[in-house]
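> This is the structure I want to talk about, given as structure tokens.
Numbering (the numbering used here), first residue to last: 175 to 428.
Laid out in structure tokens, this is it:
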């Protein structure tokens with residue numbers, strides 16, 4: 175996949191990207207750094223952070239953050255504030271809640287999934303947006319499952335939908351301040367998360383590709399390109415929108 179360079183839009187700007195030691199989050203953080211941004215990355219694992227930090231270089235700052243734990247999220251926010259006086263871009267990519275069918279999931283699992291997917295997003299959007307000025311941007315990643323629920327992913331299907339409501343609500347409130355908020359609905363991308371999903375469903379990459387009109391899964395670079403477009407001035411009149419990136423997987427018109 176050809177990397178796209180976004181002029182000097184991100185040079186010297188400050189960004190925060192969650193769940194950024196693998197998959198879509200890692201590639202997004204790397205793309206921002208390659209375009210000149212200073213990026214805070216986070217993960218539950220300090221070992222993963224250390225490894226990724228060495229790969230990303232000095233423009234990456236790393237802090238531990240468990241999105242399911244309020245104390246950890248609050249500490250992460252404090253750490254970000256200790257190194258950045260201003261944030262220009264915030265990319266929220268949540269972790270994955272446990273898979274399973276609706277009737278096999280306990281109530282406590284619903285609370286945990288809500289913490290991972292929604293409450294951590296609410297905390298961070300509220301705090302980080304207060305550090306933003308005009309022409310800043312927020313991107314929240316959710317899933318195509320909010321339009322077409324996926325089998326065996328009850329928690330994800332239900333709770334991720336709330337992120338769309340968050341995007342629309344916050345975008346309306348921040349628009350007068352010149353801060354844009356948009357959401358992304360990714361389909362199948364070649365990530366560790368997809369590998370887990372294939373193992374759960376006992377299917378392979380070829381079978382998944384047959385479901386997609388473009389006959390392939392997405393390259394994480396393609397996801398990152400969309401994120402950077404939404405963060406950049408190229409999308410200056412786009413806010414409150416949920417954009418699907420799935421190779422045509424969803425059959426719905428809207």
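We put the beta carbon where it would ideally sit given N, CA and C, even for glycine. Predicted model only: the values in this text are computed from it and were never measured.
Considering only residues of the same chain and omitting the five flanking positions on each side of residue 308, which have a CB-CB separation below 6 Å?
For residue 308, where only same-chain residues beyond five positions count, the Cβ hits under 6 Å are 352.
> Is residue 418 buried or exposed, if buried means 16 or more other CB atoms sit within 10 Å of its CB?
Flag for residue 418 reads buried.
> List the whole-angstrom C-beta distance separating residue 187 from residue 211, where the pair is believed to meet the contact cut-off of C-beta under 8 Å.
Contact holds; Cβ gap of about 5 Å.
> On a Cα-Cα basis, can you pick out the residue from 218, 239, 184, 257 that is closest to residue 310?
Of 218, 239, 184, 257, the residue nearest in Cα terms is 184.
> Check each candidate in 406, 384, 287, 242 and name the one with the smallest Cα separation from residue 123.
Residue 123 is absent from the structure shown; the chain starts at 175 and stops at 428.
> When you compare only the Cα positions, how much space is there between residue 387 and residue 358?
Distance between the alpha carbons of residue 387 and residue 358: 19 Å.
> Check the C-beta distance from residue 294 over to residue 247 and give it rounded, since I have them as a contact under 8 Å.
The Cβ separation is near 5 Å, so the contact holds.
> Going by the DSSP bridge assignment, what does residue 237 pair with across the sheet?
216.
> Looking only at its own chain, which residues have a Cβ that is under 7 Å from the Cβ of residue 378, when we skip the five neighbours before and after it?
Closer than 7 Å at Cβ, skipping near neighbours: 372.
> Measure how close the beta-carbons of residue 331 and residue 414 come, nearest whole angstrom, since I'm counting them as under 8 Å.
Wrong, their Cβ atoms sit about 22 Å apart, outside the cutoff.
> Per DSSP, what are the beta-bridge partners of residue 411 in this structure?
Answer by DSSP bridge pairing: none, since residue 411 is not bridged.
> Anyone know if the C-beta pair for residue 222 and residue 192 falls short of 8 Å?
It is not a contact, given that the beta carbons lie outside the stated cut-off.
> Using only CA atoms, which one of 380, 201, 200, 206 lies nearest to residue 179?
Here the closest residue by C-alpha is 206.
> Pick out the complete beta strand (DSSP E) segments inside the segment 235-317, 3 residues or longer, and give them in chain order.
Qualifying beta strand (DSSP E) stretches, in chain order: 263-266, 311-315.
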